[in-house]
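Just below is one structure, and these are the notes that go with it.
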Amino acid sequence: MVMVETTLGPQPPDALGWINAHDHIIMDNGYTVVKTPDFKLDSVEKAIEEVGRWQHAGGGAIVDAQPFGCGRNAAKLIEVSQALNLPIVVPTGFQSQGFYLPDHWQYRYDEDEVTELLYAEVAEGVDLNGYDGPIVKRSPVKAGFVKVAGEYQVVPKNMHKLIRAAGRVHQRTGAPILVHTGEGTVGHELLDRLETAGVPPTSVMLCHMDRNPDFYVHRSLAERGAFLEYDTPSRIKYQPENLVVGLMREMFDSGHGAHILLGGDMARRSYWIAYGGGPGFDYLLRSFTPRLRAEGFTDAELETIWHHNPVRWLTGALEDRTQG
Ligand SMILES: [Zn+2]
Numbered sequence: 000m001v002m003v004e005t006t007l008g009p010q011p012p013d014a015l016g017w018i019n020a021h022d023h024i025i026m027d028n029g030y031t032v033v034k035t036p037d038f039k040l041d042s043v044e045k046a047i048e049e050v051g052r053w054q055h056a057g058g059g060a061i062v063d064a065q066p067f068g069c070g071r072n073a074a075k076l077i078e079v080s081q082a083l084n085l086p087i088v089v090p091t092g093f094q095s096q097g098f099y100l101p102d103h104w105q106y107r108y109d110e111d112e113v114t115e116l117l118y119a120e121v122a123e124g125v126d127l128n129g130y131d132g133p134i135v136k137r138s139p140v141k142a143g144f145v146k147v148a149g150e151y152q153v154v155p156k157n158m159h160k161l162i163r164a165a166g167r168v169h170q171r172t173g174a175p176i177l178v179h180t181g182e183g184t185v186g187h188e189l190l191d192r193l194e195t196a197g198v199p200p201t202s203v204m205l206c207h208m209d210r211n212p213d214f215y216v217h218r219s220l221a222e223r224g225a226f227l228e229y230d231t232p233s234r235i236k237y238q239p240e241n242l243v244v245g246l247m248r249e250m251f252d253s254g255h256g257a258h259i260l261l262g263g264d265m266a267r268r269s270y271w272i273a274y275g276g277g278p279g280f281d282y283l284l285r286s287f288t289p290r291l292r293a294e295g296f297t298d299a300e301l302e303t304i305w306h307h308n309p310v311r312w313l314t315g316a317l318e319d320r321t322q323g
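Position 252 (the sequence shown) corresponds to 251 in numbering that gives the first Met the number 0; numbering is contiguous.
Printed below as a string of structure tokens:
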């Protein structure tokens with residue numbers, strides 16, 4: 000059995016329960032939160048309270064999507080995880096470019112150097128200093144996936160190099176790839192570049208895809224084997240929920256339900272009940288999942304979305320146990 004690397008050590012997939020496929024538990028001090036103070040999610044105490052809501056609502060493992068260099072603090076993630084006995088999957092890799100100052104080392108280091116840094120986080124353990132300085136202190140916790148990012152309508156030139164490095168790490172370790180997309184655009188180009196770098200689409204999760212809830216696009220990406228993560232539920236500023244519910248129905252009815260994952264992407268204080276905002280980390284389970292049931296989604300379909308699909312992405316299991 001392929002184990003999943005988490006803050007609680009390698010876990011068998013069955014121990015992960017219902018998996019939140021994209022969220023943000025800690026965003027520590029640094030450029031990101033100075034630029035946008037609403038991103039500052041630095042309190043372990045509040046994270047325990049907020050993630051506790053998710054857990055209380057029946058939630059299992061959480062995929063944290065904030066890599067080093069833009070607020071990841073692995074020690075804090077481990078503290079939250081241990082306090083709740085809830086596994087968190089820790090990222091390595093790169094966010095979208097707006098999270099970094101233009102002098103970040105990702106622009107200077109060559110492909111070999113970036114590859115080795117990513118590889119060490121997956122194979123040995125994540126740097127507790129987040130690759131922010133000359134001293135590297137490896138945690139025993141290993142990164143569970145590599146993140147790369149597209150931007151709105153473009154894959155920037157520097158990201159081509161970072162994608163090649165991520166591909167080499169995937170080839171050496173099997174680590175899956177999480178991809179930030181700008182409003183759900185350039186999905187095919189991202190898959191093309193990853194495929195060229197040695198990553199099959201079946202190991203790729205394209206995130207924020209429901210920002211562009213276009214069934215034709217989603218079906219074409221799913222037909223290549225990619226996983227599609229949706230996270231607009233509750234965020235009405237992007238679109239009303241009926242659009243994502245309808246898209247999910249179309250995906251299942253056309254035989255592509257095995258490609259859909261859900262995440263909260265609650266990357267702002269103003270989204271957290273613990274910081275006085277809303278709707279909170281438990282929204283997807285407390286409100287959106289009951290809505291899916293009310294709109295006709297079956298228990299088996301919900302299990303597919305919440306457990307089987309994220310497990311298949313995390314473990315690279317090709318077997319589709321959920322359809323036909
Ligand atoms: Zn995110």
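The C-beta atom is built at its ideal place from N, Cα and C for all residues, glycine as well.
Quick caveat: nothing in here was measured; it's all calculated off a predicted structure.
Pairwise C-alpha distance: residue j and residue i
{"i": "R218", "j": "G132", "result": "43 Å"}
{"i": "W312", "j": "P199", "result": "11 Å"}
{"i": "Y237", "j": "R210", "result": "7 Å"}
{"i": "A111", "j": "G275", "result": "A small fix is needed here, since residue 111 is Asp in this sequence, not Ala. One C-alpha to the other measures close to 44 Å."}
{"i": "F287", "j": "W305", "result": "12 Å"}
{"i": "A74", "j": "E182", "result": "31 Å"}
{"i": "D281", "j": "W271", "result": "10 Å"}
{"i": "P139", "j": "Q170", "result": "22 Å"}
{"i": "W17", "j": "L284", "result": "10 Å"}
{"i": "F38", "j": "R268", "result": "6 Å"}
{"i": "T184", "j": "T35", "result": "24 Å"}
{"i": "A122", "j": "D41", "result": "27 Å"}
{"i": "R248", "j": "L189", "result": "25 Å"}
{"i": "P309", "j": "V33", "result": "32 Å"}
{"i": "N325", "j": "D252", "result": "Residue 325 is absent from the model: the chain starts at 0 and stops at 323."}
{"i": "F98", "j": "Q152", "result": "18 Å"}
Whole-angstrom C-beta distance between residue j and residue i, which should lie under 8 Å
{"i": "I25", "j": "N72", "result": "5 Å"}
{"i": "P278", "j": "S233", "result": "5 Å"}
{"i": "H55", "j": "D264", "result": "Incorrect: roughly 20 Å between the Cβ atoms, too far for contact."}
{"i": "L227", "j": "L205", "result": "6 Å"}
{"i": "L325", "j": "A64", "result": "What is shown of the chain runs 0 to 323, which leaves residue 325 out entirely."}
{"i": "A14", "j": "S95", "result": "In fact, because the Cβ distance is near 31 Å, the residues do not count as touching under 8 Å."}
{"i": "V324", "j": "V168", "result": "It is not possible to answer for residue 324, since the shown part of the chain is limited to 0 through 323."}
Beta-carbon proximity check, residue i vs residue j, cutoff 8 Å
{"i": "Y229", "j": "V243", "result": "yes"}
{"i": "A326", "j": "T303", "result": "A query on residue 326 cannot be resolved here, the shown segment of the chain reaching from 0 to 323 and no further."}
{"i": "R290", "j": "E240", "result": "yes"}
{"i": "A266", "j": "H23", "result": "yes"}
{"i": "T91", "j": "A46", "result": "no"}
Close Cβ partners of residue i (< 7 Å) along its chain, the five nearest in sequence each way excluded
{"i": "G166", "result": "L193, A196, G197, V198"}
{"i": "Q10", "result": "M2, V3, P86"}
{"i": "H159", "result": "R192"}
{"i": "D126", "result": "F67, E120, V135, K136, R137"}
{"i": "L100", "result": "Y30"}
Residue i versus the options, residue with shortest Cα-Cα distance
{"i": "L60", "options": "K45, V178, N19, S202", "result": "The question names Leu, yet the displayed sequence has Ala at residue 60. Comparing Cα positions, the closest option is N19."}
{"i": "M208", "options": "G173, I259, E188", "result": "I259"}
Residues of its chain near residue i, where Cβ-Cβ distance is below 6 Å and the 5 sequence neighbours each way are ignored
{"i": "G224", "result": "P200, T201"}
{"i": "G70", "result": "M26, D27, G29, T31"}
Residues near residue i by beta carbon distance below 8 Å, same chain, minus five either side
{"i": "N157", "result": "Q96, Q105, Y106"}
{"i": "D319", "result": "Summary for D319: the model assigns pLDDT 46, below 50, so the residue's position carries little reliability; its value from the coordinates is reported in the next sentence. Here the set comprises A257, R311."}
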